[in-house]
Every structure is written in structure tokens, then in C-alpha cells.
Amino acid sequence: NHFGVAMAFYLAWHRAADATCMYRLRLEDAFNPHTSPEVLGDLFNLAGLGPPTPEQVKAAIASVGHESNAREHRPTVTWEELFAVDKRMAKDVLDLSRKYGYPYDDADEAMLNGIPPATHSTLPDCQLDKYDS
Numbered sequence: 015n016h017f018g019v020a021m022a023f024y025l026a027w028h029r030a031a032d033a034t035c036m037y038r039l040r041l042e043d044a045f046n047p048h049t050s051p052e053v054l055g056d057l058f059n060l061a062g063l064g065p066p067t068p069e070q071v072k073a074a075i076a077s078v079g080h081e082s083n084a085r086e087h088r089p090t091v092t093w094e095e096l097f098a099v100d101k102r103m104a105k106d107v108l109d110l111s112r113k114y115g116y117p118y119d120d121a122d123e124a125m126l127n128g129i130p131p132a133t134h135s136t137l138p139d140c141q142l143d144k145y146d147s
């Protein structure tokens, strides 16, 4: 099943990235007018460049066109579809997504009932994570 493969890849990739990363951000936040000054400021500081000027922030936002992700997409995948494939893996994907700052309030908590705690080993976290609670 393609969804099972995609979930396994998502979990493996992000767990490996978490084990080695120093900073994590949601890329869309770097180009959102409400969040970009802080996020871009953090990135500039990590690169040793100091805080960006308002003009640099505007230029960065303007550089991303609306067609930058304009390919055709499949219909939205639902949590029900993922849970139908593998409940434990779907729960791990949901937990990791929420950890990264994506709330997914549409995930029905009823689907989560009876799913045991994750059995995977815990890997180290990013040192600077904007989304840890």
C-alpha cells in the first residue's frame, strides 16, 4: 500500500533528521508575513549574519511566487485513510506532525482510542526547536 510506504518513509526520515538537526522550522513560516521576521531572523542569526532588515524580509517573501508549488495534487489524504492502513503508524505520524507544529484538529480522537503507546526507540531532539511545548 502506498500510504503505508509513505508513512514509514515520513517517520524514518524525520526521526533521522531529528537525531542530527540543530534547528527545525516549518518552511512555510519563513515566507508568511506574520511569522517570517522572527523565523528569518533566527536563520540569519544561525548563519552568523545578524538580524535581517525589514527590506530583506520583504524581498524574501516576494521571492516566493504563488506558482512555486503549483503542480497538480491528488485529493487530500484523510486521517481515516491512514488509520485504515496501519493504526499504530498513523498515530505515530499524527504525533510527530503535532510535535512539528501542525495541530491537525480534524483528526478524530475516537480513532486514537485503544492504540498502545509507540514502541519505536526515541531519538534525540533538535537542539533549537520552535515547536516544542
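For our numbering, count along the sequence shown from 1 and bump the result up by 14. The beta carbon of each residue, even a glycine, is placed where N, CA and C say it ideally should be. Predicted, not measured: the structure shown is a model, and the values here were computed from it.
Residue i burial status per 10 Å Cβ neighbour count (16 or more: buried)
| i | result |
| --- | --- |
| residue 36 | exposed |
| residue 121 | buried |
| residue 53 | buried |
| residue 88 | exposed |
| residue 71 | buried |
| residue 26 | exposed |
| residue 41 | exposed |
| residue 96 | buried |
| residue 39 | buried |
Endpoints, alpha helix (DSSP H) assigned at residue i
| i | result |
| --- | --- |
| residue 21 | 16-34 |
| residue 104 | 101-113 |
| residue 60 | 50-60 |
| residue 68 | 68-76 |
Cut-off 8 Å between Cβ atoms - residues of its own chain near residue i, not counting five sequence neighbours on either side
| i | result |
| --- | --- |
| residue 18 | 99, 100, 103 |
| residue 24 | 107, 110 |
| residue 22 | 103 |
| residue 65 | 55, 58, 59 |
| residue 112 | 118 |
CA nearest to the CA of residue i, picked from the options
| i | options | result |
| --- | --- | --- |
| residue 114 | 26, 64, 32, 94 | 32 |
Beta-carbon proximity list for residue i, same chain, < 7 Å, skipping 5 on both sides
| i | result |
| --- | --- |
| residue 75 | 45, 47, 50 |
Spatial neighbours of residue i in its chain, beta-carbon cut-off 6 Å, leaving aside the 5 residues before and after
| i | result |
| --- | --- |
| residue 43 | 49, 53 |
| residue 62 | none |
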